[in-house]
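Colleague: I have a structure I would like to understand better, so I am pasting it below and will then ask my questions one at a time.
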Amino acid sequence: MGVDVCLSRGQQTVSGKKGGQGNFDPITLLIFRMSSLRHQQPPVSSGDPSSKITNFRSRQAQWESSERGRVPLPRNTADSLTWNPHKLMGTLLQCSTIHFKEDGLLMSCNNMNAAYLFMQDKLYDVKYDTGDKVIQCGRHNDIFKLWLQWRAKGDEGFEKHMDRLMELSQYLVKRIKEMPDKYYLILEPEMVNVSFWYIPPRLRNTPHTPEKEKQLGELCPKIKGRMMQAGTLMVGYQPDDRRPNFFRNIISSAAVTESDVDFLLTEIDRLGRDL
Numbered sequence: 001m002g003v004d005v006c007l008s009r010g011q012q013t014v015s016g017k018k019g020g021q022g023n024f025d026p027i028t029l030l031i032f033r034m035s036s037l038r039h040q041q042p043p044v045s046s047g048d049p050s051s052k053i054t055n056f057r058s059r060q061a062q063w064e065s066s067e068r069g070r071v072p073l074p075r076n077t078a079d080s081l082t083w084n085p086h087k088l089m090g091t092l093l094q095c096s097t098i099h100f101k102e103d104g105l106l107m108s109c110n111n112m113n114a115a116y117l118f119m120q121d122k123l124y125d126v127k128y129d130t131g132d133k134v135i136q137c138g139r140h141n142d143i144f145k146l147w148l149q150w151r152a153k154g155d156e157g158f159e160k161h162m163d164r165l166m167e168l169s170q171y172l173v174k175r176i177k178e179m180p181d182k183y184y185l186i187l188e189p190e191m192v193n194v195s196f197w198y199i200p201p202r203l204r205n206t207p208h209t210p211e212k213e214k215q216l217g218e219l220c221p222k223i224k225g226r227m228m229q230a231g232t233l234m235v236g237y238q239p240d241d242r243r244p245n246f247f248r249n250i251i252s253s254a255a256v257t258e259s260d261v262d263f264l265l266t267e268i269d270r271l272g273r274d275l
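Given below as structure tokens:
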């Protein structure tokens, strides 16, 4: 029963309507590679290809509350999507779902009708034998993790969880802006990704130039190395197509508090101030 409930609720959450088909699979990429040999080509929309991506959101977060109604994905946006509850929802690794608009598509592409595995005269409803939907015949424990979590927290609990993560991310932004001599906020975040540079004393009160950005980027792996040696923090860094390395902090744990955010900034300053 958990399979049907979770997939149905997930389908409604990401698309705003019932119907379609979904499956839990932690190796979605492998499915796409193997299924490409016998895939069904979806119709190509003649509409504007630059349609805006629709997000699900609540008052502060990208999550739509049940009272306000969910935002459906436009029909010409996508025929399928993947969703990873092991990210912001906090489900234990690994837990991924894939959803299709067309009901029965997974079954028609992947089923082998293995009689020795999927007998049709079982005691229970055979629609719960989901193995024929994918290239593997085995079940995964992904579904139980999400089902148990959803039973414990409910829709409202997940909404509050997302709102809390957004509050903490905005608190981090606020603290960074209060210390412009030590930290440089790269972009105003839209979600829980907060991107910034740490500025050591030797580079403070100097013009913000490409050369300065290069030096700030060179500090990120050094500070990260010190974090790991000290065992106090784990904050990722990365470059993009316009900037050298910068810290990209993501708050996804319900256990994080404002004091943890304060410690993060204090500790980065302690680890990097002599660089």
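For the record, in the sequence shown the residue sitting at position 58 is 58 according to the UniProt record's numbering, with numbers rising by one throughout. Each residue gets a CB set at the ideal place from its N, CA and C atoms; glycine is no exception.
1) Assign Ser259 to one of three DSSP states: helix, strand, or coil.
2) Residues in the same chain with beta-carbon distance under 6 Å from Leu216, minus the five sequence neighbours each way, listed in chain order, please.
3) Relative to the alpha-carbon of Arg273, which residue among Leu219, Phe246, Met228 and Leu233 has its alpha-carbon at the smallest distance?
4) What is the rounded straight-line gap between the Cα of Val235 and the Cα of Ile199?
5) Alpha carbon to alpha carbon, how far is Tyr183 from Glu213?
6) Could you tell me how far apart the beta carbons of Ser252 and Lys87 are, in whole angstroms, since I believe they sit closer than 8 Å?
7) Pull up the CB-CB distance for Lys222 and Tyr237, whole angstroms please, since I reckon it's below 8 Å.
8) Alpha carbon to alpha carbon, how far is His161 from Arg151? Give it in angstroms, no decimals.
9) Which whole-angstrom value is the C-beta distance of Leu117 and Gly104, which I expect to be below 8 Å?
10) With H, G and I counted as helix, E and B as strand and the rest as coil, what does DSSP make of Gln229?
11) Ignore the nearest five residues each way along the sequence and tell me which others in Tyr171's own chain have a CB closer than 8 Å to its CB.
Modeller: Straight from the coordinates:
1) helix
2) Trp197
3) Leu219
4) 16 Å
5) 12 Å
6) 7 Å
7) With 8 Å as the limit, Lys222 and Tyr237 do not qualify as a contact, their Cβ atoms being about 10 Å apart.
8) 14 Å
9) Between Gly104 and Leu117 the Cβ distance is about 19 Å, and since that is not below 8 Å, they are no contact.
10) helix
11) Glu258 and Val261
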